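Down below is the structure, laid out as structure tokens.
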Amino acid sequence: MERKARNSAYMKQANRQRILSIIRKKPLSRAELARETGLTRAAISLIIEELIKDGLVTESGVGEAEFGRKPVYLAINPDRFYVVGLNIARDRCVCGIVNLKGEHVLSEEVHIENVYNSEEAIIVIEKAISDIIKRTEIDPGKFLGIGISAPGPIDSINGTILNPPNFPMWHNVNIVREIKKRFPYDVYLENNANALALAERDYGAGIGLKYFMLLVVDTGIGAGIITDSRLYRGIGGFGSEVGHTSIDFNGLKCDCGNKGCLETYASIPSLIRNMKLREYGINSWREIADRAETGDKFCQEVIDREALYLSAAIINVINILELEAVILAGYINYRPGLLLRRLRENIENSVINRNARSVNILNSSIREHAEIISAASIVMDKYFNFSF
Ligand SMILES: [Zn+2]
12 MERKARNSAY MKQANRQRIL SIIRKKPLSR AELARETGLT RAAISLIIEE LIKDGLVTES
72 GVGEAEFGRK PVYLAINPDR FYVVGLNIAR DRCVCGIVNL KGEHVLSEEV HIENVYNSEE
132 AIIVIEKAIS DIIKRTEIDP GKFLGIGISA PGPIDSINGT ILNPPNFPMW HNVNIVREIK
192 KRFPYDVYLE NNANALALAE RDYGAGIGLK YFMLLVVDTG IGAGIITDSR LYRGIGGFGS
252 EVGHTSIDFN GLKCDCGNKG CLETYASIPS LIRNMKLREY GINSWREIAD RAETGDKFCQ
312 EVIDREALYL SAAIINVINI LELEAVILAG YINYRPGLLL RRLRENIENS VINRNARSVN
372 ILNSSIREHA EIISAASIVM DKYFNFSF
């Protein structure tokens, strides 16, 4: 008896979260929801009634219908709950607030440039989060949690930033425990690339995709992989280290211990060093892309080379996971036309399933407040994606 009661409560909760996770991306009518979920119209109506009562769903206007009654569309109420996003990067730290639809409400820089250890930094962060919550005048009871994104490697299960290179202040800091002590909210930590992959899945170029990799190429190379619409983490949360997969087993020694890691060739500083670009007065991807665009043959060759490096790793990942798309992000997204063309050519001629389907090579489409929306997405993912 007890087992049955628990099961029906579980199913009810699962169906509720499933409906929420569908309509948060696009408003649908009750009939469309029934078709999409396979639930009966009666079951849908009951759940929707409850969600409206809880303030999570609103009826958002009337749709088009040629005959008969026009359908009423159901949408998520963006102001029912909010999330705090905190992004700690090497060069800056920002915190902000995002509503339930993933829309940026307010953000500000957190000035930790002049502090010398993580204890002091956490005090500054605590004040910044409290201040921004006060400034928005949102009821503190409406916050679902605090999502933190930081450079990897991190231990997302225990909430610890481990030992990212060039990030000494934060080594082995359990930031989740520290922030949790100070706020009555759930707190979660993910690495930057994983957080951005969640944001792209829900609000960006990954909408509608179930299998894709988000590849961040800037001072390092990070990746977040979505399989069957969920973030792939591996057994301990260290999965998706595509930057440390080898593209040459006799290659350059990497700090991680492996040889020929993608990052040692294709991160922007590695590319500039290995192609001796400083001798030509070139210090950034921006300069490479600008010169290539104006017809500079050498810079076009540099982009070809970068495409070769990246596609070697991307083809491996696609052949293992059969992804439908790769989304590029980071500095490399500046004037990416030529790079994307070269990547597409290399990849479409080499992946094993090329005769069955093509792989989309896209660029990240979240332009503004990407760090805040990504960090907030970590909490949204926990809230909306009930484990079935
Ligand atoms: Zn490595």
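Heads up: the sequence shown is residues 12 to 399, going by the numbering used here. For glycine and all other residues, C-beta sits at the position ideal for the given N, C-alpha and C. What you are looking at is a predicted structure, and each value in this text was computed from that prediction instead of being measured.
### Query
When the distance is taken between beta carbons, is C265 closer than 8 Å to E252?
The beta carbons of E252 and C265 sit no closer together than 8 Å.
### Query
Any chance the CB of N269 is under 7 Å from a heavy atom of ligand 1?
Because some heavy atom of ligand 1 lies under 7 Å away, the Cβ of N269 counts as near it: yes.
#### Entry: Span of the alpha helix (DSSP H) around I186
Bounds of the alpha helix (DSSP H) holding I186 are I186 to R193.
### Task
Please name the residue in D229, T51 and R91 whose C-alpha comes closest to that of T69.
Of the listed residues, the one whose Cα sits closest to T69 is R91.
### Cβ pair Y345, V228 closer than 8 Å
Contact: no.
### Query
Leaving out the 5 sequence neighbours to the left and right, which residues in its chain are closer than 8 Å to E43 when beta-carbon positions are compared?
Within its own chain, the residues whose Cβ lies closer than 8 Å to the Cβ of E43, once the five positions on either side in sequence are excluded, are P82, listed in chain order.
### Message
Does the stretch 319-335 come into contact with the stretch 215-222, if we say contact requires no fewer than three beta-carbon pairs (one atom in each stretch) closer than 8 Å?
### Response
Yes: at least three Cβ pairs fall under 8 Å.
### Message
To the nearest angstrom, how far is the alpha carbon of S295 from that of A303?
### Response
Cα to Cα, the separation comes out at about 13 Å.
### Message
I want to check one thing, is the minimum distance from the CB of E60 to the heavy atoms of ligand 1 below 7 Å?
### Response
Outside the cutoff, so no.
### Task
Please confirm whether any heavy atom of ligand 1 lies closer than 7 Å to the CB of C265.
Yes - ligand 1 has a heavy atom lying nearer than 7 Å to the Cβ of C265.
#### Entry: Reduced DSSP secondary structure (H/G/I, E/B, other) of Y84
Here Y84 sits in strand by DSSP.
#### Entry: Nearest residue (CA-CA) to E9, options E379, S375 and V337
For residue 9 there is no data in the structure shown, the boundaries of the chain being 12 and 399.
### Query
So is the beta-carbon of C106 under 7 Å away from any non-hydrogen atom of ligand 1?
False, no ligand heavy atom lies under 7 Å from that Cβ.
### Query
When burial is assigned at 16 or more other CB atoms within 10 Å of the CB, is I377 buried or exposed?
Note on I377: 16 or more other CB atoms within 10 angstroms of its CB, so buried under the neighbour-count rule.
### Message
Quick check: what's the CA-CA separation for L339 versus G233?
### Response
Whole-angstrom Cα-Cα distance: 10 Å.
### Message
How far does the beta strand (DSSP E) with M391 in it extend, from its first residue to its last?
### Response
In the DSSP assignment, M391 falls outside any beta strand (DSSP E) and within the unbroken alpha helix (DSSP H) covering A381 to F395.
### Task
Output the boundary residues of the alpha helix (DSSP H) element that contains S141.
Element bounds for S141: S129 to T147.
### Query
Which of the three DSSP states, helix, strand or coil, is assigned to S257?
In the three-state scheme derived from DSSP, where H, G and I count as helix and E and B as strand, S257 is classed as strand.
### Task
State the beta-bridge partners of Y199 as determined by DSSP.
Y199 pairs with G158.
#### Entry: Member of S322, I133 and I87 whose CA lies at the smallest distance from the CA of I63
Out of S322, I133 and I87, I87 has the C-alpha closest to the C-alpha of I63.
### Task
Using a threshold of 8 Å, state whether the C-beta atoms of L50 and N18 are closer than that.
Going by C-beta atoms, L50 is not nearer than 8 Å to N18.
### Query
Sorted by chain position, which residues of the same chain lie with C-beta nearer than 7 Å to I218's C-beta, five sequence neighbours on each side aside?
Only K36 meet the Cβ criterion.
### Message
Measuring only from the beta carbon, is H255 closer than 7 Å to any heavy atom that is part of ligand 1?
### Response
Distances between the C-beta of H255 and the heavy atoms of ligand 1 include at least one below 7 Å.
### Task
Can you say whether A7 is buried or exposed, counting buried as having 16 or more other CB atoms within 10 angstroms of its CB?
Outside the shown range of the chain, which is 12 to 399, sits residue 7, and nothing can be said about it.
### Query
Rounded to a whole number of angstroms, what is the C-alpha to C-alpha distance between R212 and N185?
Spanning the two alpha carbons is a distance of roughly 27 Å.
### Query
By Cβ distance below 6 Å, which residues in the same chain neighbour R352 in space, the five residues on each side in sequence not counted?
The beta carbon of R352 lies closer than 6 Å to none in the same chain, with the five residues before and after it left out.
### Query
Just to confirm, are I143 and C104 a CB contact at a threshold of 8 Å?
Here I143 is not near C104, since their CB atoms are 8 Å or more apart.
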